[in-house]
Amino acid sequence: GAGVSQTPSNKVTEKGKYVELRCDPISGHTALYWYRQSLGQGPEFLIYFQGTGAADDSGLPNDRFFAVRPEGSVSTLKIQRTERGDSAVYLCASSLRGLPDTQYFGPGTRLTVL
Amino acid sequence: AQTVTQSQPEMSVQEAETVTLSCTYDTSESDYYLFWYKQPPSRQMILVIRQEAYKQQNATENRFSVNFQKAAKSFSLKISDSQLGDAAMYFCAYRSASNGNKLVFGAGTILRVKS
Chain Z
828 GAGVSQTPSN KVTEKGKYVE LRCDPISGHT ALYWYRQSLG QGPEFLIYFQ
878 GTGAADDSGL PNDRFFAVRP EGSVSTLKIQ RTERGDSAVY LCASSLRGLP
928 DTQYFGPGTR LTVL
Chain R
756 AQTVTQSQPE MSVQEAETVT LSCTYDTSES DYYLFWYKQP PSRQMILVIR
806 QEAYKQQNAT ENRFSVNFQK AAKSFSLKIS DSQLGDAAMY FCAYRSASNG
856 NKLVFGAGTI LRVKS
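Quick note, the sequences are listed as chains Z and R, same order.
Using this note's numbering, read the first sequence as starting at 828 and increasing by one per residue.
Using this note's numbering, read the second sequence as starting at 756 and increasing by one per residue.
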């Protein structure tokens, strides 16, 4: 079946602008995760959804970052007042449930803030 | 907090040869999961192999195997009969079995395969 998909593949924006990044998980997966991968580093956890609710948002760096999953499927990561330091690849993953199921990753969105 | 360390920024291997990628981790938990993910230039993270900490037997998936040393908190990946398609960034990752769902990743090792 189809894997995790993310749109757009690349996003270029200007400092101070608002952006939305979309994630479509594998059909039937109830758990969804967002990670951020800066250049030359491993991914870092941002937020985890179980169904529609954010079960763990401890990785969000500040209140400019927000994510939603209103119907328990597609999720949107929203970044307000973007800064150059937000430039990174944003990865989404989904799993059938939570623990102990394997997380399957999408191809990511590369965000560049000029 | 758990940490994962990959001390080899880059490794090279000749096609058909064997290479071992190192990973150490720090945790106070006794039950957890360990993973190796592969990330090619396409950016898509692909699960290579997974190990449950309560299992003493090392996991194996075709040409990929691990050496899991729980007491030493070491989790190395061995790739046998290396192929050109194995060239990628490899990440070691930790996940608690009881507290949270997030993966904690190391910084990665670039693997180059020479023909």
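Backbone N, C-alpha and C define an ideal beta-carbon position, used for all residues, glycine too.
Own chain residues within Cβ distance below 8 Å of residue i, not counting five before or after
i: L858 (chain R); result: F790, A848, Y849 and R850
i: N813 (chain R); result: Q806, S820, V821, N822 and F823
Test: residue i CB closer than 9 Å to a CB of chain Z
i: V759 (chain R); result: yes
i: M766 (chain R); result: no
i: Q867 (chain R); result: Contrary to the premise, residue 867 (chain R) reads as Arg rather than Gln in this sequence. False, the Cβ-Cβ gap to chain Z never drops below 9 Å.
Interface residues of chain Z facing residue i [CB-CB closer than 9 Å]
i: F846 (chain R); result: G869 and P870
i: L802 (chain R); result: T929, Q930, Y931 and F932
Amino acids of chain Z, ordered along the chain, whose beta-carbon sits closer than 8 Å to that of residue i
i: S777 (chain R); result: What S777 (chain R) touches in chain Z: nothing, since even the nearest Cβ is about 15 Å away.
i: Y788 (chain R); result: P927
Closer than 9 Å to chain R by CB, residue i
i: V901 (chain Z); result: no
i: A882 (chain Z); result: yes
i: P934 (chain Z); result: yes
i: V916 (chain Z); result: yes
i: P852 (chain Z); result: no
i: S921 (chain Z); result: no
Beta-carbon proximity check, residue i vs residue j, cutoff 9 Å
i: L839 (chain R); j: V868 (chain R); result: yes
i: S824 (chain Z); j: R911 (chain Z); result: Because chain Z is modelled from 828 through 941, residue 824 (chain Z) falls outside the range shown and cannot be assessed.
i: E841 (chain Z); j: L904 (chain Z); result: no
i: S885 (chain Z); j: F872 (chain Z); result: yes
i: D786 (chain R); j: V759 (chain R); result: no
i: S902 (chain Z); j: R863 (chain Z); result: no
i: V831 (chain Z); j: S900 (chain Z); result: no
i: L918 (chain Z); j: P870 (chain Z); result: yes
i: S783 (chain R); j: S762 (chain R); result: no
i: V803 (chain R); j: L866 (chain R); result: no
i: N856 (chain R); j: Y931 (chain Z); result: no
Beta-carbon contacts of residue i that lie in its chain and below 7 Å, excluding the five residues immediately before and after
i: P795 (chain R); result: A843
i: S870 (chain R); result: E770 and L839
i: R908 (chain Z); result: G843 and R891
Per-residue contacts from residue i into chain Z (C-beta, under 7 Å)
i: R798 (chain R); result: V916, P934 and G935
i: G861 (chain R); result: G869
i: R805 (chain R); result: T929
9 Å Cβ cut-off: residues of chain R touching residue i
i: G886 (chain Z); result: K857
i: G843 (chain Z); result: Per Cβ cutoff of 9 Å: no residues; G843 (chain Z) is ~26 Å from chain R at best.
i: G855 (chain Z); result: What G855 (chain Z) touches in chain R: nothing, since even the nearest Cβ is about 17 Å away.
Residues near residue i in its chain [Cβ-Cβ closer than 6 Å; skip 5 each side]
i: P888 (chain Z); result: none
i: E772 (chain R); result: S837
Cross-chain neighbours of residue i in chain R, by beta carbon under 7 Å
i: T834 (chain Z); result: Residues of chain R passing the Cβ test: none, with the nearest at roughly 14 Å.
Partners in chain R for residue i, counting only beta-carbon separations shorter than 8 Å
i: A858 (chain Z); result: N856
i: G925 (chain Z); result: N856
Take every Cβ of the segment 908 to 928 of chain Z, pair it with every Cβ of the segment 829 to 848 of chain R, and state whether three or more of those distances are shorter than 8 Å. No, the segment 908 to 928 of chain Z does not touch the segment 829 to 848 of chain R.
Inspect the CB distances between the segment 895 to 910 of chain Z and the segment 763 to 776 of chain R and report whether three or more fall short of 8 Å. The segment 895 to 910 of chain Z vs the segment 763 to 776 of chain R: no contact.
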